[in-house]
Amino acid sequence: MRLFIAEKPELGKAIAEGLDGNYKSGEGYIQKGDNIVTWAFGHILELAKPEEYDEKYKLWKLEDLPLPIKEFKYLPKKESKKQLKIICDLIHSDKITSIVNCGDADDEGQILVDEIIQYSKTSKPVFRVLINDLTPKAVKEEIAKIKPNADFKGMSERGFARSQADWIVGINLTRAYTIMARKNGYEGILSVGRVQTPILALIVNRDKEFENFKSIDYFS
């Protein structure tokens, strides 16, 4: 029996509609013939906070930076623990022989389900289906093109590299800039991010252009 793990309930229901067999609904999953479909709610795991690696990192100290994190931990989000347990119990069920990653057809969708599979520590074979069209006919066609999840290793590595790089940059630079700012009397947190900081710089520079703009008369 195959276990399809969708990125979200809407996709899970579309997959179930595209599968043959009798329909049976369970808590957090649907059984359709010889297949079970379950789903996440977007990312249901998240990168651990610094203090979840070591309690001492609750205190922001410049001498601790950069934080020496070499192996990243992914922990359940509080609001998603119930569904994560349902998914993991299904993964480890004796009746499940293989797992199908049905995350969205992009890097983020790839790692969203890969995170769950890795968290479960299963050794069962994993496959991948890319679904963009939620109509039953299109879903059936994509399931027929099923491939080993390993064929999408590049997508997975890109996705994990991006999310972990964001964590490294965001956590370390936010702490560094905040600590230095507080030494000069600043009381808040200076949030720094790989994307947000360059975008903020573009906005500030554009605003300065408006402030410094001086109209010039042109004659032809």
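Position one of the sequence shown corresponds to residue 1 (UniProt numbering), numbered consecutively onward.
Ideal placement from N, C-alpha and C gives every residue a C-beta, glycine not left out.
The C-beta distance from ILE44 to PRO68 rounds to 27 angstroms, too long to fall under 8 angstroms, and the pair is not in contact. Taking GLY18 as the centre and dropping the five residues before and after it, the same chain places the C-beta of PRO136, VAL139 and LYS140 closer than 6 angstroms to its C-beta, in chain order. Taking C-beta separations shorter than 7 angstroms and ignoring five residues to either side along the sequence, the partners of LYS58 in its chain run GLU51, following chain order.
By the neighbour-count criterion, in which a residue is buried when 16 or more other Cβ atoms sit within 10 angstroms of its Cβ, TYR29 is buried. Remark: C-beta atoms of SER163 and ILE87 do not approach each other more closely than 8 angstroms. The Cβ atoms of SER98 and PHE127 lie closer than 8 angstroms to each other.
Between the alpha carbons of GLN118 and ALA40 lies a distance of about 14 angstroms. For GLU51, the secondary structure class from DSSP, reduced to helix, strand or coil, is helix. Residue range 9-18 is occupied by the alpha helix (DSSP H) that includes PRO9. A distance below 8 angstroms separates the beta carbons of SER156 and ASP114. In the three-state DSSP reduction, TRP60 falls in the coil class, being neither helix nor strand.
Distance from the Cα of GLU142 is smallest, within the candidate group PHE152, PRO148 and ILE131, for ILE131. Secondary structure at ASN205: helix, using DSSP grouped into helix, strand and coil. Under the three-state reduction of DSSP output, LEU173 falls in the helix class. When secondary structure is reduced to three states using DSSP, PHE127 falls in the strand class.
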